[in-house]
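For reference, the structure discussed in these notes is given below.
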Amino acid sequence: MKFTQRLVATFSVILACLVSCGLWVLAPEYSWAQINKNNVPTPELTDQIPINPSKDSIVLYGQEKAFSEFAWQAFVSLNWPANCQGEPLQDKQIGEAPSAPRVWEFYNSPDEIFLPNAQNPRPIPPVVPPACQTGKERVQPLGLRLTEAAGVLAKASEQEIALRTDILLPSRKSLIDQSGNYVINE
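Quick note: the sequence shown uses numbering that gives the first Met the number 0, first residue 0, plus one each step.
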């Protein structure tokens with residue numbers, strides 16, 4: 000047993016030395032990222048939502064790279080500033096109009112589109128984001144609100160937290176974010 004442990008430890012030390020020497024000898028200008036940096040195009044920032052990933056990028060860079068480029072372009076275009084009719088502001092760049100609504104704010108919620116038993120959707124009134132609401136539209140409830148529960152949860156025991164219904168997912172398990180805070184569902 001001790002022989003095996005010594006053999007594994009010796010082999011690990013030799014392997015670590017070989018890897019570190021190889022990394023020390025390998026010059027940074029020969030790394031893959033440096034060699035290929037001129038071959039990868041910078042994604043274009045545009046207000047146009049892409050329809051499909053570019054076939055040229057699939058051929059040149061593979062499916063994963065093409066999908067990543069498509070996802071990035073869709074993200075940028077959906078977060079583009081828009082006017083109150085939902086059309087992208089073509090004279091602005093992303094980030095230049097922080098108070099303007101975003102293109103995605105004019106989309107209907109899935110509950111309004113995907114009805115039970117595959118019913119046809121009723122005529123849906125257009126979505127009006129908060130930045131475009133005036134007078135009567137502003138009193139319309141949004142259905143969402145933030146709840147401060149940090150103080151309540153800090154004083155509660157684990158059993159009391161487990162019994163709370165406002166922090167449970169439909170699976171009856173609590174959801175905790177990356178910072179360790181409970182997510183509140185209402």
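Note that the Cβ used here is the ideal one computed from N, Cα and C, for glycine as well.
Here the structure is a predicted model, which means the values were calculated and not measured.
Reducing DSSP to helix, strand and coil, say where residue i ends up.
i, result
"residue 81", "strand"
"residue 141", "Here residue 141 scores only 47 on pLDDT, less than 50, and its place in the model is too uncertain to base an answer on."
"residue 13", "helix"
"residue 167", "Low confidence applies to residue 167: its pLDDT is 49, below 50, so where it sits in the model is not reliable enough to give any reading."
"residue 123", "coil"
"residue 175", "strand"
"residue 129", "helix"
"residue 3", "helix"
"residue 87", "strand"
What's the C-alpha gap between residue i and residue j?
i, j, result
"residue 2", "residue 9", "10 Å"
"residue 88", "residue 49", "17 Å"
"residue 43", "residue 72", "7 Å"
"residue 114", "residue 121", "9 Å"
"residue 104", "residue 128", "6 Å"
"residue 107", "residue 124", "9 Å"
"residue 143", "residue 61", "Residue placement at residue 143 is poorly supported in this model, since its pLDDT is 47, which falls under 50; the coordinates still yield a value, given next. If I take the Cα positions, the gap works out to 41 Å."
"residue 12", "residue 177", "36 Å"
"residue 4", "residue 14", "15 Å"
"residue 132", "residue 116", "33 Å"
"residue 83", "residue 180", "36 Å"
"residue 70", "residue 7", "45 Å"
"residue 139", "residue 91", "Reliability of the predicted coordinates at residue 139 is poor, the pLDDT of 47 falling under 50, and the value obtained from them is presented with this limitation in mind. So the alpha carbons of these two residues sit roughly 30 Å apart."
"residue 167", "residue 64", "Residue confidence for residue 167 is low, a pLDDT of 49 falling below 50, so the modelled location carries little weight and cannot support an answer."
"residue 0", "residue 74", "56 Å"
"residue 126", "residue 95", "23 Å"
"residue 175", "residue 182", "6 Å"
Please determine, among the options, the residue with the shortest C-alpha to C-alpha distance to residue i.
i, options, result
"residue 119", "93, 126, 111", "111"
"residue 78", "64, 66, 98, 182", "98"
"residue 85", "96, 102, 132", "102"
"residue 93", "182, 47, 133", "47"
So, are the CB atoms of residue i and residue j less than 8 Å apart?
i, j, result
"residue 76", "residue 45", "yes"
"residue 81", "residue 100", "yes"
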